[in-house]
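Q: Please see the structure below; I have some questions.
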Amino acid sequence: MLEQSYYSKADEIISQHGRTQKALIPIIQDIQSCYRYLPAELLSYVAKQLGINEAKAYSVATFYENFSFEAKGKYVIRVCDGTACHVRKSTLILDKLYKELNLSKEKHTTEDMLFTLETVSCLGACGLAPVLTVNDEVHAAMTPEKVSALIAKLKEEEQ
Amino acid sequence: MEYITIDTKRVPIEGEKNILSLIRKAGIDLPTFCYHSELSIYGACRMCVVEDDRGRIFASCSEQPRDGMVIHTNSKKIQSYRRLIIELLLSSHCRDCTTCQKNGSCSLQDLAYRVGVHAVRFLNNKKQIPLDMSSPSIVRDPNKCILCGDCVRTCDEIQGIGAIDFAFRGSETQVMPAFNRDLADTDCVGCGQCAVVCPTAAITVRTNVTEIWDAIGNPNIRVVVQVAPAVRVAVGDSFNIPKGENSFGKLVTALRIMGFDEVYDTSFGADLTVMEESKELAQRLEKNEKLPLFTSCCPGWVKYCENRYPDLTDNISTCRSPQGMLSPLIKDYFKDKDEAENKKTIVVSIMPCTAKKGEILRPDNFTDGMQDTDYVITTQEVIRMIKQVGIQFESLEAEAADMPFAVASGGGTIFGTTGGVTEAVLRRLAKDKSYQNLSNISYVGVRGEDSVKEASVMLGDREVKIAVVHGLADAGRLLDKVKAGEVEYDFVEVMACRRGCIMGGGQPPFAGARTKKKRMEGLYKADTMSNIRYPDENPVLLQMYETTIKGKEHKLFHRHMVEK
Ligand code: SF4
Ligand code: SF4
Ligand code: FES
């Protein structure tokens, strides 16, 4: 069970979009942008409120890669692993980030909830390869050195 | 008249909504995985592809017929296309057919043979996913799923439950409950209708055959078996017996050969249910409380009501189901004998139903804290046992069941189809039990395949309003109306499966429209042929009510509500 405030927030978002089945996606999008992830309990709650089967709602939420049931860190780093970036050695960038942040393929988020590391298929910015984003900010032509500097800077900002 | 041409044959369009139906009408059994006449059209499996005279290839299940169309169902192109689809399906499917539950009744296996796939060129590099064994009724093996979506649509559209759906996408797609929970932790009622439509062994009936052979092989155990009404009109399906023919007598003989010690008829239990439920209805009508009375003989329905309409559970009859009444009575009957012979009696039920496997585990169905029915096996499982022994079922002489639980009324037998329970209860409550009046009751509107049937009868000077519904999605819609006060009834019969137990999740699969009808007719015929039409004509039962049962009705025949 989540805290009551989560459900009140969900109610608020539902009332903004209207209690109709087709509002499912916009509602869970808003919930996700509010909490930076989609709490499983809220998906079930919203489904119930809209009269949608829980399994159907889960089906929708898992279809789109954008939705995540895992709580994410403050900084979500997405490393592009599309063809262009891959050819330009995005793997080195990724490895560096795994090391710097002590993360792995299975562990996406740091203990202190500061960083989440993900890969994406293509960010559509192949000219800037290899590229990564931190939340909505784009970092082009990355190298392992630039990665270290970036992480150090972000950590410093948090001090 | 509009026509289309199917492989040289001119076929008139008579309201068919898709080309597939016309092809089938033309006598060609086009292979399909995802088309079911009672479900919405999904168009995912592509097995039903055909070619038109311009070389266009399309899925015939999702294409409307137009006048003058020319369709080829078996061109070279189509043949290789179909073969490729099957080959691709097999490429990510385990191929241990010899040990599979579905061996011999698997559509994938059948179609691989039919379209002529002799080798699979692709390697299966899918990771093994663990089975879901959490439900007492069905087993899910996602490794064998071909993603046709039949189960998803059945559970959602017919049963209104939606316990399972697709999750993820692309090569990651799987059918699963929300959050990949165990089926036991969902609203699944165990009706098994998903297993009925699943073309492979991705969803199968959970089997208890081994336990039963073990019990039969143990000399210290008396293995008693009871056979539900709907089983008798379906068990012959696998033995070349005409559809819907009553094979109860042959089944009794077969069960004796297999080694069961006593063979009883669950219809006797149904008679008990009629006695108890009529009493309950009369009482509630008199007090005008907890109406409408809901029937309780279908465990899928009871669970559905508990899950979705918890505020209406008081309306459910406190009666146990027929198996639930007969089993404790059997155990009571053998109590002294067991002690004297130092034996243990176990009761096995042969049921058309997968939800019954769950019903027997419910504490509110226990007597003195003990489980009454030890195992439930389905019609499918008993067919398998008959085949294991090698019994030539079709040529068996029919035998009668064992006394005392062999004599049952026709009213008890028609429990196996929608409307049967209601009709039996009405016969019992009717003051005028003349042949003519009983026939009138048959035609008040409780028989037939309509999803919701309404009737009204006079009991004394009270008009009793009745609804009969089958299929849980329709039941849900009816309940919503009841709650909203749009409709008012005194008695509502609900069966989870469409057409009732004759189409239960444990019945032999591949029953088409004709078989469904024949099974229904088979039960009504058994009723007509019975010389006892209603339970208060059942001499054995009446005598027991005076003697052995006396004073124990509540203990043996009603659910004991347990504090949660
Ligand atoms: S058994 Fe019935 S309720 Fe359960 S998943 Fe299958 S169709 Fe749905
Ligand atoms: S489990 Fe069976 S019915 Fe359901 S999608 Fe898979 S193959 Fe089809
Ligand atoms: S039956 Fe037509 S696509 Fe499956």
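Here the protein sequences line up with chains W and H, keeping their order. Numbering follows the UniProt record's numbering, in which position 55 of the first sequence is assigned residue number 55; successive positions increment by one, without gaps. Numbering follows the UniProt record's numbering, in which position 95 of the second sequence is assigned residue number 95; successive positions increment by one, without gaps. Every residue, glycine too, gets a C-beta built ideally from N, C-alpha and C.
Flag residue 200/H as yes when its Cβ comes closer than 7 Å to any non-hydrogen atom of ligand 5, and as no otherwise.
A: Looking at this structure, you won't find ligand 5 anywhere; what it does contain is ligand 1, ligand 2 and ligand 3.
Q: Quick check on residue 44/H: does DSSP put it in helix, strand or coil?
A: On the second sequence, position 44 is the one that residue 44/H refers to. If DSSP states are grouped into helix, strand and coil, residue 44/H belongs with coil.
Q: Indicate whether at least one CB of chain H lies closer than 8 Å to the CB of residue 59/W.
A: Residue 59/W sits at position 59 when you count from the first residue of the first sequence. Yes - at least one Cβ of chain H is within 8 Å of the one on residue 59/W.
Q: Looking at residue 415/H: is its Cβ nearer than 8 Å to the Cβ of residue 292/H?
A: As a first step, residue 415/H must be located in the second sequence, where it is residue number 415. As a first step, residue 292/H must be located in the second sequence, where it is residue number 292. No. Outside cutoff.
Q: Note down the Cα distance separating residue 412/H from residue 502/H, rounded to an integer number of angstroms.
A: As a first step, residue 412/H is located in the second sequence; it is residue number 412 there, counting from the start. As a first step, residue 502/H is located in the second sequence; it is residue number 502 there, counting from the start. Between residue 412/H and residue 502/H, the C-alpha separation is close to 14 Å.
Q: Taking beta-carbon pairs under 9 Å, can you tell me which members of the segment 61-73 of chain W lie near chain H?
A: If the cut-off is 9 Å between Cβ atoms, the segment 61-73 of chain W has 61, 62, 63, 64, 65 and 69 near chain H.
Q: On the DSSP letters alone, give me the boundaries of the beta strand (DSSP E) that residue 349/H sits inside.
A: Here the question's residue 349/H lines up with position 349 in the second sequence. Looking at the DSSP string, the run of the beta strand (DSSP E) that includes residue 349/H is 344-351.
Q: Suppose you measure from the CA of residue 463/H to the CA of residue 456/H; what does that come to, to the nearest Å?
A: Stepping through the second sequence from its first residue, residue 463/H is reached at position 463. Stepping through the second sequence from its first residue, residue 456/H is reached at position 456. Roughly 7 Å between the two C-alpha positions.
Q: Checking contacts by CB at 8 Å: is residue 185/H closer than that to chain W?
A: Here residue 185/H refers to the residue found at position 185 when the second sequence is read from its first residue. Answer no: the Cβ-Cβ gap between residue 185/H and chain W never drops below 8 Å.
Q: Which residues of chain W have a Cβ atom closer than 7 Å to the Cβ of residue 430/H, listed in chain order?
A: In the second sequence, residue 430/H corresponds to position 430, counting from 1. The contacting residues do not exist; residue 430/H stays about 42 Å from chain W at best.
Q: Using beta-carbon positions only, say whether residue 211/H and residue 375/H come within less than 8 Å of one another.
A: On the second sequence, position 211 is the one that residue 211/H refers to. On the second sequence, position 375 is the one that residue 375/H refers to. Going by C-beta atoms, residue 211/H is nearer than 8 Å to residue 375/H.
Q: Taking the alpha-carbon positions, what's the residue 12/H to residue 2/H distance?
A: Within the second sequence, the letter at position 12 stands for residue 12/H. Within the second sequence, the letter at position 2 stands for residue 2/H. In a straight line, the C-alpha of residue 12/H is about 6 Å away from that of residue 2/H.
Q: In the DSSP assignment, find the unbroken alpha helix (DSSP H) run with residue 539/H in it and report its ends.
A: For this step, residue 539/H is matched to residue 539 along the second sequence. Here the alpha helix (DSSP H) through residue 539/H covers 539-546.
Q: Would you list, in sequence order, the uninterrupted beta strand (DSSP E) runs of no fewer than 3 residues that lie entirely inside the segment 288-373 of chain H?
A: Runs found: 344-351.
Q: Strictly below 9 Å CB to CB, what residues from chain W border residue 162/H?
A: Reading the second sequence from its first residue, position 162 is the one you call residue 162/H. Under the 9 Å cutoff, chain W gives 52, 53, 54, 55 and 56.
Q: Is DSSP giving residue 470/H helix, strand or coil here?
A: For the purposes of this step, residue 470/H is taken as residue 470 along the second sequence, with counting starting at 1. Looking at residue 470/H - three-state DSSP - the assignment turns out to be strand.
Q: Using C-beta distances below 7 Å, list every residue in its chain close to residue 46/H, excluding the 5 sequence neighbours before and after it, in chain order.
A: The residue given as residue 46/H occupies position 46 in the second sequence. The answer, listed in chain order, is 59 and 85.
Q: I believe residue 89/H touches residue 146/H by the beta-carbon criterion, under 8 Å. Please report the beta-carbon distance rounded to the nearest angstrom.
A: Mapped onto the second sequence, residue 89/H falls at position 89. Mapped onto the second sequence, residue 146/H falls at position 146. Contact flag correct, Cβ pair sits at about 5 Å.
Q: For the beta strand (DSSP E) that residue 57/H lies in, which residues bound it at each end?
A: Residue numbering aside, residue 57/H sits at position 57 when the second sequence is read from its first letter. Its beta strand (DSSP E) spans residues 57-59.
Q: May I ask you to list the residues that DSSP assigns as paired with residue 455/H?
A: Reading the second sequence from its first residue, position 455 is the one you call residue 455/H. DSSP, once it has assigned bridges, lists 466/H as partnering residue 455/H.
Q: Who are the neighbours of residue 338/H on chain W, taking C-beta pairs under 9 Å?
A: By one-based count along the second sequence, residue 338/H stands at place 338. Ordered by position in chain W, no residue passes the 9 Å Cβ test against residue 338/H, which lies about 46 Å from the chain.
Q: May I have the straight-line CA-CA distance separating residue 311/H from residue 473/H, to the nearest angstrom?
A: Against the second sequence, residue 311/H aligns to sequence position 311. Against the second sequence, residue 473/H aligns to sequence position 473. Their backbone Cα atoms lie some 18 Å apart in a straight line.
Q: Taking 7 Å as the cut-off, is the C-beta of residue 264/H nearer than that to any heavy atom in ligand 3?
A: As a first step, residue 264/H must be located in the second sequence, where it is residue number 264. No, the Cβ of residue 264/H stays beyond 7 Å of every heavy atom of ligand 3.
Q: Report buried or exposed for residue 137/H, applying the criterion of at least 16 other Cβ atoms within 10 angstroms of its Cβ.
A: Here residue 137/H corresponds to residue number 137 of the second sequence, with the count starting at 1. Buried, since its Cβ has 16 or more Cβ neighbours within 10 Å.
Q: With 8 Å set as the bound, which would you pick, yes or no: does the beta-carbon of residue 178/H sit closer than that to a beta-carbon of chain W?
A: As a working mapping, residue 178/H is identified with position 178 in the second sequence. By this cut-off, residue 178/H is an interface position.
Q: Output the residue ranges of the beta strand (DSSP E) runs that lie fully inside the UniProt domain "4Fe-4S ferredoxin-type" (180-208) of chain H and measure 3 residues or longer, sorted by chain position.
A: Runs of the beta strand (DSSP E) inside the UniProt domain "4Fe-4S ferredoxin-type" (180-208) of chain H: 203-205.
Q: What are the residues in the segment 6-40 of chain W lying within 8 Å of chain H by C-beta distance?
A: So the close ones are 40.
Q: Is residue 302/H close to ligand 1? I mean its beta-carbon at under 7 Å from any heavy atom of the ligand.
A: Mapped onto the second sequence, residue 302/H falls at position 302. No, Cβ of residue 302/H sits at least 7 Å from all heavy atoms of ligand 1.
Q: At a CB-CB cut-off below 8 Å, which residues of chain W make contact with residue 156/H?
A: Within the second sequence, residue 156/H is the residue found at index 156, counting from 1. By Cβ distance, chain W contributes 53 and 56.
Q: Which bits of chain W does residue 44/H rub up against, with CB to CB less than 8 Å?
A: On the second sequence, residue 44/H is found 44 positions in, with the first residue counted as 1. Under the 8 Å cutoff, chain W gives no residues; its nearest Cβ is about 14 Å from residue 44/H.
Q: Just to confirm my understanding: we take residue 43/H, look at its own chain, exclude 5 residues before and 5 after, and list those with CB closer than 8 Å. What are they?
A: Indexing the second sequence from 1 puts residue 43/H at position 43. Correct list, in chain order: 34, 59, 61 and 62.
Q: Using a C-beta cutoff of 8 Å, does residue 150/H count as contacting chain W?
A: Residue mapping note: residue 150/H aligns to position 150 of the second sequence, counting from 1. Taking Cβ atoms only, chain W never reaches closer than 8 Å to residue 150/H, which makes this a no.
Q: Give the secondary structure of residue 53/H by DSSP, where H, G and I count as helix, E and B as strand, and everything else as coil.
A: Within the second sequence, residue 53/H is the residue found at index 53, counting from 1. Coil.
Q: Could you say if the segment 338-354 of chain H and the segment 273-293 of chain H meet the contact criterion of at least three C-beta pairs nearer than 8 Å?
A: Not touching, per the Cβ criterion.
Q: Among the candidates 50/H, 217/H, 276/H and 408/H, whose CA atom is the shortest distance from the CA of residue 551/H?
A: If you number the second sequence from 1, residue 551/H lands on position 551. Minimum Cα distance to residue 551/H is reached at 276/H.
Q: Going by CA-CA distance only, name the one from 243/H, 4/H and 239/H that's closest to residue 254/H.
A: Position 254 of the second sequence, counting from 1, holds the residue named residue 254/H. Checked all of 243/H, 4/H and 239/H; the closest Cα to residue 254/H is 239/H.
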